[in-house]
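Residue numbering for the sequence shown follows our numbering, beginning at 218 and increasing consecutively.
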Amino acid sequence: ATNNARTFIPGLSSWSGTFEGVKDGAPLQVFSQTSLELAESATVTQMWLGNVVITGIHPNVSADGLVTYTYDYQGVGELVEASA
């Protein structure tokens, strides 16, 4: 395979992002696919659902020993607003 430049097609969209938090259990792995639920904390009914590929993991340990993870992700398919 060759390393071709990425091309974008008008009308198609993509989505990606980063989130940080405390992980209970084993951390996700880079390039694993998982579902994602994005919820607005101030508006209980505002939520988006989608599938993502984890593209980066950045663990951090604070002085008090709390381990947090920052995850980078790339959306796979459509990000849809959940119906109430």
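Glycine included, C-beta positions come from ideal geometry on N, C-alpha and C.
| Check | Outcome |
| --- | --- |
| Taking Cβ to Cβ, would you say E292 is nearer than 7 Å to V269? | Note that residue 292 corresponds to Gly in the displayed sequence, not to Glu. Contact: yes. |
| Could you compute how far the alpha carbon of S231 sits from the alpha carbon of L255? | 16 Å |
| Give the DSSP-derived three-state secondary structure of W232 in the structure shown. | coil |
| Below 7 Å between beta carbons: does that hold for I274 and V247? | yes |
| Between V297 and the rest of its own chain, which residues show a CB-CB distance below 8 Å, the 5 nearest in sequence each way excluded? | W265, L266, G267 |
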